[in-house]
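For reference, the structure is listed below as structure tokens.
Protein chains: 2
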Amino acid sequence: MITESLTIDDIARELGVSKTTVSRSISGKGRISETTRKRVLDFIEKNNYKPNLMARGLAQSRTYNIGWVVPGDSEMTMLFFFQKCMQGVIDAAAEADYDILITTVYGHNISGLQRVLDNHKVDGVILGQTLVHDKAIRALKKSGIPFVTIGSTEEKNVVQVDHDHISACRELASILKMKGIKSAALIGGTEDKVVTQARRRGFEEGMSGVRTEIFMDCEKTEEIERAVEDAVRNKVECIVCEDDRICYAVLGKLKKDGVRIPEEMRVASFYNSALIDEYQPAITSLEYDPKALGTTACRTLLAMIDGQTPGAKQMLGYEVMLKASTL
Amino acid sequence: MITESLTIDDIARELGVSKTTVSRSISGKGRISETTRKRVLDFIEKNNYKPNLMARGLAQSRTYNIGWVVPGDSEMTMLFFFQKCMQGVIDAAAEADYDILITTVYGHNISGLQRVLDNHKVDGVILGQTLVHDKAIRALKKSGIPFVTIGSTEEKNVVQVDHDHISACRELASILKMKGIKSAALIGGTEDKVVTQARRRGFEEGMSGVRTEIFMDCEKTEEIERAVEDAVRNKVECIVCEDDRICYAVLGKLKKDGVRIPEEMRVASFYNSALIDEYQPAITSLEYDPKALGTTACRTLLAMIDGQTPGAKQMLGYEVMLKASTL
DNA sequence: TTGAAAGCGCTAACAA
DNA sequence: TTGTTAGCGCTTTCAA
């Protein structure tokens, strides 16, 4: 069943033309008469010829692969996000006959990425998440390979695709303020992720003039629950969660403690997902489009690989979803 | 910063030897004096030379990539599983300087995989999940490329790596029987996945002589809840869940309805995960090692790529974890 | 509009 | 033990 695949030479011989002609018919580069072009293409179609990308790659020093880098230790909610992003990347890549080479990193341990870079296995890289002082970004810059990050970074000269988290969070916060909330708590995770910092800043800006309490570094459920207890004790009117995972834990805790939403405590989340989607009452949150993030990142990267220089930062839209939880 | 990389020619010239000598020093193939070998290797080390895998690939018709195929629409619990498997694959692959090209399929829509196959982008493929009448397996067979499946299949001549689900489930079921359970319900999903069929069979075998009720095709939460209601109404003593996602929904439903575990209903799961790990009371379940599955699959595949013919089926171990939920 | 020929960087017979 | 010489299958000048 291992069909010896056709080569460009076979086709040339068969059709009585030169390799060059065949090559040109396929790539569309250079002048060719429509007739011969058609003849070649027809033959290719009929005989189901597929060019050897390895050979083409060697000739043009391209791999037709792009690297997709994600944390190897994501929790549930991030896994979902990355999965959707990746689907966007895959779809956009396929349009250009590119494939996805996946690599995991563990925080600042980027040995996997380094290998891929050293071995020239990809023509460009998409970084699925940005950290503060990101080692991956440093390595990518050093390698000279085109790359784009999903998520923002403080590093200079990096092409980034992101939602405007600061504006989004600011907007959600100020809407809450307009609805008459007099005090609010933000519960967030560690600030080594850029997005976490952005959300905090948006919250603070949007809530200016309102009594706020900030609980950061809440990664474990117990830490989140402790923050909720504090917020309840301090009679905060609304808890704003940095992401859906935190929100999930917050909802669980409030339920456990018999705190009614929204009567006794309002709740909003800076990120929604399947995790909190079906909760009753429905949770006010920001809504993004992870897949679009992936598609945009990939298209941008492909343009860069083709030698273009896209804008440094591309911002995608968001939606504020007001629901019953902040009534 | 785009350093023109060294080629094997540069090294040869620099060292006054032939390309062949350099090539041999690197690959270790053919006889070479230790002295020259060392000289070459030292030079390589010092100048941080990395061979061009594209060129090597063209010469040996290898890509040094292996394909990793997973469903594009997995839910939470499967995402976790695949993530862990994949980490095993990545680690094993890295040892052989291989990388992972990821492709998603949607049920029997395997166009992504087909592209990768047609374009010869990988030297072998690992299928992350097997379906009944799996189109992907057909395509892989047809392509002639080595591949291994994670999960079993009824197809002939397929190298498979799997846990012995039937035995595992049979064992858990019969332990429950020995503990004096007189009736049990199985709640499971659709039987298009091979593993689902296997678990059902194991359950039935292990429970022989006990009154059983089988609720299959439970994919949505409401369907699972309805099954739970039926089981409770029929005074079944124990609910056995086909996987953790189902178990999660079952636990939620029982809690909602105020059914105490294990006093009023015992609960066991044929798969555990973070989803039900921390539940109180602890849930009796089967425990597997997804990462080991990935490593084994990858090592097996690499052996096949090297021309070896491994055993058709590799079974990995499991553990029965008896916990308070079936006391 | 087409073709000849020289690579891309490496491997692998075959000689020496 | 080492070197010479063809390729691997495609792209891309440069000529015709």
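Chains A and B, in that order, are what the protein sequence lines are.
Number 313 in our numbering belongs to position 313 of the first sequence; there are no gaps in the numbering.
Number 24 in our numbering belongs to position 24 of the second sequence; there are no gaps in the numbering.
Every residue gets a Cβ at the ideal spot worked out from N, C-alpha and C, and that includes glycine.
Measure from the C-beta of residue i to each C-beta in chain A and report whether the shortest distance is under 8 angstroms.
i, result
"Asn309(B)", "Correcting the residue type first, residue 309(B) is Thr in the shown sequence and not Asn. It does not; no Cβ of chain A falls within 8 angstroms."
"Met1(B)", "Low confidence applies to Met1(B): its pLDDT is 37, below 50, so where it sits in the model is not reliable, and the reading given next is rough at best. Yes, Met1(B) lies at the interface with chain A (some Cβ there is under 8 angstroms from its Cβ)."
"Ile261(B)", "no"
"Leu79(B)", "yes"
"Asp99(B)", "yes"
"Gln87(B)", "yes"
"Gln197(B)", "no"
"Pro153(B)", "For the record, residue 153(B) in the displayed sequence is Thr; it is not Pro. So, not an interface residue."
"Met321(B)", "no"
Counting only C-beta atoms, is residue i closer than 8 angstroms to chain B at any point?
i, result
"Asp306(A)", "no"
"Arg115(A)", "yes"
"Lys19(A)", "no"
"Ala297(A)", "no"
"Asp331(A)", "Coverage of chain A is limited to positions 1 through 327, which leaves residue 331(A) absent and any answer about it impossible."
"Gln129(A)", "no"
"Leu58(A)", "yes"
"Ile11(A)", "no"
"Ile283(A)", "no"
"Ile8(A)", "no"
"Thr149(A)", "no"
"Ile276(A)", "no"
"Gly72(A)", "yes"
"Thr326(A)", "no"
"Met76(A)", "yes"
Tell me, please, which residues DSSP counts as bridged to residue i.
i, result
"Leu293(A)", "Answer is none; Leu293(A) lacks a bridge partner."
"Asp340(B)", "What the structure shows of chain B is the stretch from 1 to 327, and residue 340(B) is not part of that stretch, so it cannot be assessed."
"Asn109(B)", "Tyr106(B)"
"Asp285(B)", "The sequence shown places Ser at residue 285(B), not Asp. BP columns for Ser285(B) point to Ser269(B) and Met321(B)."
"Cys241(B)", "Ile187(B) and Ser269(B)"
"Ile150(B)", "Val161(B)"
"Phe215(A)", "Ile187(A)"
"Leu316(B)", "His163(B)"
"Val70(B)", "Thr104(B)"
"Ile126(A)", "Trp68(A) and Val148(A)"
In chain B, which residues lie less than 7 angstroms from residue i when you measure between Cβ atoms?
i, result
"Asn119(A)", "Lys50 and Leu53"
Taking C-beta to C-beta, are residue i and residue j nearer than 8 angstroms?
i, j, result
"Val148(A)", "Ile126(A)", "yes"
"Glu222(A)", "Ala184(A)", "no"
"Ile175(B)", "Lys135(B)", "no"
"Glu287(B)", "Glu319(B)", "yes"
"Cys298(B)", "Gly88(B)", "yes"
"Thr300(B)", "Val159(B)", "yes"
"Asp91(A)", "Thr295(A)", "yes"
"Asn48(B)", "Asp99(B)", "no"
"Val240(B)", "Phe215(B)", "no"
"Lys255(A)", "Val228(A)", "no"
"Ile187(A)", "Arg266(A)", "no"
"Thr153(B)", "Ile137(B)", "yes"
"Asp118(A)", "Lys46(B)", "no"
"Leu316(A)", "Asp289(A)", "yes"
"Ser18(B)", "Val40(B)", "no"
"Thr63(A)", "Asp123(A)", "yes"
"Leu58(B)", "Ala55(A)", "yes"
"Gln129(A)", "Ile102(A)", "no"
I want to verify the contact list: residues of chain A whose CB lies under 9 angstroms from the CB of residue i, in sequence order.
i, result
"Ala94(B)", "Ser111, Gly112 and Arg115"
Starting from the beta carbon of residue i, find every residue of chain A whose beta carbon is closer than 7 angstroms, and list them in chain order.
i, result
"Phe43(B)", "The contacting residues do not exist; Phe43(B) stays about 17 angstroms from chain A at best."
"Thr104(B)", "Gln87 and Ile90"
"Gln83(B)", "Leu79"
Taking Cβ-Cβ distances shorter than 8 angstroms, what residues in chain A pair up with residue i?
i, result
"Gly124(B)", "What Gly124(B) touches in chain A: nothing, since even the nearest Cβ is about 13 angstroms away."
How would you list, in chain order, the residues of chain B whose beta-carbon sits under 8 angstroms from the beta-carbon of residue i?
i, result
"Asn65(A)", "Asn65, Leu101 and Lys121"
Only counting runs of 3 or more residues, tell me where the beta strand (DSSP E) segments fall wholly within the segment 160 to 213 of chain A, in order along the chain. 183 to 187
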